[in-house]
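Chemist: Take any residue in the sequence shown, count from 1 to its spot, add 975: that is its number in my numbering.
All residues carry an ideal CB built from backbone N, CA and C; glycine is no exception.
Let me give you the structure first, and then I'll get to my questions.
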Amino acid sequence: MQKTNSQSTELPPAFYLGQPGTVQIKAAAHSPSGLVITFMGQNKTHIYPWFWVRDHGIDANSLNPATLQRQTNSFDLSPEEMATSIDFDTNQQLIRVSWPDGPTTMISAYMLASVKGVIPGRHDLTPQKRRRYWDKDDPLNDLPSVEYDAVMDSDNGLKNWLENIWIYGFSMVENVPSTPEATISLAERIGHLHETVFGRSWPLSADLVDHGDTAYTTDYLEPHTDGTYYNEAAGLQLFNCIEFDGKGGESIQVDGFSIARRLKAEDSEAFDILSKTAVPGHYIEPGVHLRAERPVIRTGSTGNLLQVSFNNYDRAPFILSEPELKAFHRAYSLFHEHANDQDNWLKIPLTPGRTLIFDNWRNLHGRMGYVGKRRFYGCYLSMAEFESKLRVLQARQT
Ligand SMILES: [Fe+2]
């Protein structure tokens, strides 16, 4: 670790201080196994091993205050580290920890509480609003919607839009000019466009022959997710309806996380199979051979849902042992059955002026067949940039 005698008296970066009054430490104590903390309003105690504390300092020796990058050499730390004493500043809600060697380490109530889930972390999305999963048992009565001008003119309008996408998996934008330029300007309120083999942004209509994909037809399209053949599948997809003179063609939205939650509750074996079996997808055209694989249901470290990937059109050949194959086929078919249950669908008519944006890691999308002339303009955005923008807007508001 860094051994300097300097001891910063400056406050640590605001990022790690949290909002004043959000959390308070009732008691902080030294024990052989670590720092023992009790938060106000709780009887439970939390223990933080000493080497973890030393690895998570927020003082200027431990952390670059400008970049928030770690400066502590984590690999010099021993799991046997033990502090000599602690000093708790109740006003600032900061604890200064002294060691037998080296400078003191500072750590904040916010850091200690957020890593244990006592309070939301700055990285949590819409911590005050729960995500709204929807399906036939709990349908949405209204389409989440924002006005184009509100999104373009104010950060609050933009935040409302992004919150809709996070909470419902999709949002309408109304009164969008029917031009490619307006479509791109709208998308760029979120972040950089996510370029793929289909381009940075793209017109979509049945008279285009640029790509041999079923999306470029007038046929019915089963609910699916895009980019199962990309390791970095697009996070969001946006369609602006530029022109429509015909019948049918409603966009279909299905909440894939609702399907996953239903499977987990009703058929945990199917859920386990779909969250463990890597399914390959591929996309092939002259000069292109994309391939990636991941489970239909991808979960995070706490079992939280991260992504559904389901596109039988683009599934690449793969084989398992016969019993595994039979079990997978049953589970995969069950997912398909729920995805194609029309009672789980939202059918959204798109007409000029209307834009649909959806979370391609959560919602499946499809399209009713249509007759007539229809032109869309669309693009993808990355999940990482969407989440980043939402965090930044949330932090500005609080
Ligand atoms: Fe698609």
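Measuring only from the beta carbon, is His-1311 closer than 7 Å to any heavy atom that is part of ligand 1?
Modeler: Taking the sequence shown and counting its residues from 1, one reaches residue 1311 at position 336. Flag unset: Cβ of His-1311 not near ligand 1.
Chemist: Apart from the five residues just before and just after Gln-1369, which ones in its own chain have a Cβ nearer than 6 Å to its Cβ?
Modeler: Start at 1 with the first residue of the sequence shown, and residue 1369 comes out as number 394. Within the same chain, Gln-1369 has no close Cβ partners at all.
Chemist: Straight-line CA distance for Ser-983 to Asn-1039?
Modeler: Residue mapping note: residue 983 aligns to position 8 of the sequence shown, counting from 1. Residue mapping note: residue 1039 aligns to position 64 of the sequence shown, counting from 1. Unreliable positioning characterises Ser-983 in this predicted model, as indicated by a pLDDT of 46, which lies under 50. The coordinate reading is nonetheless provided below. When rounded, the distance between both Cα atoms is 12 Å.
Chemist: Of the choices Glu-1260, His-1021, Asn-1036, whose alpha-carbon is the least far from that of Leu-986?
Modeler: Here residue 986 corresponds to residue number 11 of the sequence shown, with the count starting at 1. The shortest Cα separation from Leu-986 among Glu-1260, His-1021, Asn-1036 belongs to Asn-1036.
Chemist: Quick check on DSSP: helix, strand or coil for Ser-1073?
Modeler: In the sequence shown, the residue the question calls residue 1073 occupies position 98. Of the three classes helix, strand and coil, the one that applies to Ser-1073 here is strand, per DSSP.
Chemist: Is Gly-1353 buried or exposed, if buried means 16 or more other CB atoms sit within 10 Å of its CB?
Modeler: Sequence index remark: in the sequence shown, residue 1353 carries index 378 (1-based). Result: buried.
Chemist: Rounded to the nearest angstrom, how far is the Cβ of Ser-1083 from that of Met-1127, given a contact under 8 Å?
Modeler: Against the sequence shown, residue 1083 aligns to sequence position 108. Against the sequence shown, residue 1127 aligns to sequence position 152. Between Met-1127 and Ser-1083 the Cβ distance is about 37 Å, and since that is not below 8 Å, they are no contact.
Chemist: Could you tell me whether the stretch 1339 to 1357 touches the stretch 1224 to 1233, where touching means 3 or more Cβ pairs closer than 8 Å?
Modeler: yes
Chemist: What residue from Leu-1238, Trp-1074, Thr-1101 has the CA that sits closest to Phe-1246's CA?
Modeler: Translated into the one-based positions of the sequence shown, residue 1246 becomes position 271. For Phe-1246, the nearest C-alpha among the options comes from Leu-1238.
Chemist: Are the beta-carbon atoms of Tyr-1191 and Asn-1150 separated by less than 8 Å?
Modeler: As a first step, residue 1191 must be located in the sequence shown, where it is residue number 216. As a first step, residue 1150 must be located in the sequence shown, where it is residue number 175. In this structure, Asn-1150 does not lie closer than 8 Å to Tyr-1191 by Cβ.
Chemist: Given that a residue counts as buried once 16 or more other Cβ atoms are within 10 Å of its Cβ, and exposed if not, what is Ile-1140?
Modeler: Here the question's residue 1140 lines up with position 165 in the sequence shown. Burial call: buried.
Chemist: Measuring CA to CA, which of Ser-1006, Asp-1064, Met-1057, Ala-1209 is closest to Leu-992?
Modeler: The residue given as residue 992 occupies position 17 in the sequence shown. The candidate whose alpha carbon is nearest that of Leu-992 is Asp-1064.
Chemist: Please name the residue in Ile-1259, Gly-1256, Ile-1272 whose C-alpha comes closest to that of Ser-1243.
Modeler: By one-based count along the sequence shown, residue 1243 stands at place 268. Ser-1243 has its Cα closest to that of Ile-1272, out of Ile-1259, Gly-1256, Ile-1272.
Chemist: Is it true that the CB of Arg-1337 sits closer than 8 Å to the CB of Gly-1256?
Modeler: Position 281 of the sequence shown, counted from the first residue, corresponds to residue 1256. Position 362 of the sequence shown, counted from the first residue, corresponds to residue 1337. In this structure, Arg-1337 does not lie closer than 8 Å to Gly-1256 by Cβ.
Chemist: Does the distance between the C-beta of His-1257 and the nearest non-hydrogen atom of ligand 1 fall short of 7 Å?
Modeler: Your numbering for residue 1257 matches position 282 in the sequence shown. For ligand 1, no non-hydrogen atom lies closer than 7 Å to the CB of His-1257.
Chemist: Rounded to the nearest angstrom, what separates Thr-1154 and Gly-1032 at their Cα positions?
Modeler: Residue numbering aside, residue 1154 sits at position 179 when the sequence shown is read from its first letter. Residue numbering aside, residue 1032 sits at position 57 when the sequence shown is read from its first letter. For Thr-1154 and Gly-1032, the distance between alpha carbons rounds to 51 Å.
Chemist: Taking 8 Å as the threshold (C-beta atoms), are Asp-1110 and Ser-1250 in contact?
Modeler: What you label residue 1250 is simply residue 275 of the sequence shown in a count that begins at 1. What you label residue 1110 is simply residue 135 of the sequence shown in a count that begins at 1. Not a contact, by the Cβ cut-off of 8 Å.
Chemist: Just to confirm, does Asp-1110 get its C-beta within under 7 Å of one of the non-hydrogen atoms of ligand 1?
Modeler: Looking up residue 1110 in the sequence shown gives position 135. No, Cβ of Asp-1110 sits at least 7 Å from all heavy atoms of ligand 1.
Chemist: Whole angstroms are fine: how far does the CA of Ile-1000 sit from the CA of Phe-1014?
Modeler: Reading the sequence shown from its first residue, position 39 is the one you call residue 1014. Reading the sequence shown from its first residue, position 25 is the one you call residue 1000. Rounded to the nearest angstrom, the two C-alpha atoms are 4 Å apart.
Chemist: Who are Phe-1014's beta bridge partners in DSSP?
Modeler: Against the sequence shown, residue 1014 aligns to sequence position 39. DSSP lists Ile-1000 as partners of Phe-1014.
Chemist: Leaving aside the five residues before and after Pro-1054 along the sequence, list all residues of the same chain whose C-beta is less than 6 Å from its C-beta, in chain order.
Modeler: Start at 1 with the first residue of the sequence shown, and residue 1054 comes out as number 79. If we look at Pro-1054 and ignore the five residues flanking it on each side, its Cβ neighbours are Phe-1026.
Chemist: Starting from the Cα of Arg-1290, find the closest Cα among His-1169, Tyr-1205, Leu-1309, Glu-1156 and give me that residue.
Modeler: The residue you call residue 1290 lines up with position 315 of the sequence shown. Ranking the options by Cα distance to Arg-1290, first place goes to Tyr-1205.
Chemist: Which partner residues of Ser-1176 appear in the DSSP bridge assignment?
Modeler: As a position in the sequence shown, residue 1176 is number 201, starting the count at 1. Bridge partners of Ser-1176: Cys-1354.
Chemist: Candidates Phe-1219, Thr-1277, Pro-1024: which alpha carbon is nearest Thr-1326's?
Modeler: Reading the sequence shown from its first residue, position 351 is the one you call residue 1326. Looking at the Cα atoms, Phe-1219 is the closest of the given residues.
Chemist: In its own chain, which residues sit with a C-beta less than 8 Å from the C-beta of Phe-1351, not counting the 5 before and 5 after it?
Modeler: Numbered from its first residue, the sequence shown carries residue 1351 at position 376. Taken in chain order, the residues that qualify are Pro-1178, Leu-1179, Ser-1180, Phe-1214, Asn-1215, Cys-1216, Ile-1217, Leu-1325.
Chemist: Exposed or buried, what is Asn-1319 when buried is set at 16 or more other beta-carbons lying within 10 Å of its beta-carbon?
Modeler: Along the sequence shown, one-based indexing puts residue 1319 at 344. Its Cβ being crowded by 16 or more others within 10 Å, Asn-1319 is buried.
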